[in-house]
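First comes the structure, then the notes that go with it.
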């Protein structure tokens, strides 16, 4: 599979973006998809409903992923709409919430996102998760429940590194077993990987439509 062929599609609709792990490039891929939508003349924006890992600025605590999504979007939204739940420490959201003495619930996140979708319609809206598919929000709920409650298709991002095939297949299987629509795989070629092309070919054989981004 040659990189960037076929051309990156200009998607339309609402999608949830998950990763096979943390630090696999969910935000980077989401920004490329938003930029492609802008190039195609589509209105678009990204949301980061919950983020753990923020820095203090003159405007308050801000998450770098959320800021990157805002910069790539064609629709301008207030930061609090893009990232309504922000924690300071770069750890799992449920642990960050415990450290700050706060509660985080699925119903709360669903309300935030539905409010944004209603107030700011657009051709393409990407809802970026945190970490991988099985990330806890609390002792009872997972962040993956947000995609299920919203009933939106899921794009998975896999970082091309050793072990990525197993992670990608397990994540795609979990998405489908949760009753959600698997919308495709974006393979993020962010570094040097031995036999990368062979790994990409294997991904595409098992996950039709897997697309390589460099």
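Residue numbers (the UniProt record's numbering): 1 to 214. Each residue gets a CB set at the ideal place from its N, CA and C atoms; glycine is no exception.
Handout entry: When 168, 154, 163 are compared against residue 178, the one with the closest alpha-carbon
Key = Position 178 of the chain shown, counted from the start, is the residue given in the question as residue 178. Nearest of 168, 154, 163 to residue 178, Cα basis: 154.
Practice task
Could you check if residue 30 is buried or exposed, using at least 16 other CB atoms within 10 Å of its CB as the buried criterion?
Solution key: Within the chain shown, numbered from 1, the residue matching residue 30 stands at position 30. Residue 30 should be labelled buried.
Practice task
Would you mind stating whether residue 53 and residue 84 have Cβ atoms separated by less than 9 Å?
Solution key: As a working mapping, residue 53 is identified with position 53 in the chain shown. As a working mapping, residue 84 is identified with position 84 in the chain shown. Not in contact: residue 53 and residue 84 (Cβ atoms no closer than 9 Å).
Problem - Bridge-paired residues (DSSP) for residue 186 - result: Position 186 of the chain shown holds residue 186. DSSP, once it has assigned bridges, lists 157, 211 as partnering residue 186.
Exercise for the section: Report yes or no: do the stretch 118 to 136 and the stretch 101 to 109 share at least 3 C-beta pairs separated by less than 8 Å? Expected result: With the cut-off at 8 Å, the stretch 118 to 136 and the stretch 101 to 109 do not touch.
Practice task
Report the rounded CA-to-CA distance for residue 62 versus residue 56, giving the unit in angstroms.
Solution key: In the chain shown, residue 62 corresponds to position 62, counting from 1. In the chain shown, residue 56 corresponds to position 56, counting from 1. Put simply, the backbone Cα of residue 62 is about 6 Å away from that of residue 56.
Practice task
Mind checking which residues open and close the alpha helix (DSSP H) that includes residue 192?
Solution key: In the chain shown, counting from the first residue as 1, residue 192 sits at position 192. That residue, residue 192, is in no alpha helix (DSSP H); it is neither H nor E in DSSP.
Practice task
Decide if the stretch 155 to 169 is in contact with the stretch 179 to 188; the criterion is three or more beta carbon pairs, one per stretch, under 8 Å apart.
Solution key: yes
Handout entry: Proximity of residue 34 and residue 77 at Cβ, strictly below 9 Å
Key = Position 34 of the chain shown, counted from the start, is the residue given in the question as residue 34. Position 77 of the chain shown, counted from the start, is the residue given in the question as residue 77. Contact flag unset, no.
Handout entry: Rounded separation between residue 218 and residue 51 - CA only
Key = Here the chain comprises residues numbered 1 to 214, so residue 218 is not present and cannot be evaluated.
Practice task
Starting from residue 60, trace the beta strand (DSSP E) both ways and give me its first and last residue.
Solution key: Within the chain shown, numbered from 1, the residue matching residue 60 stands at position 60. It spans 60 to 62 - the beta strand (DSSP E) in which residue 60 sits, taken as one unbroken run.
Practice task
Measure from the alpha carbon of residue 67 to the alpha carbon of each residue in 58, 82, 75, then state which is nearest.
Solution key: Here residue 67 is taken as the residue at index 67 of the chain shown, counted from 1. Selected option, being the one with the closest Cα: 82.
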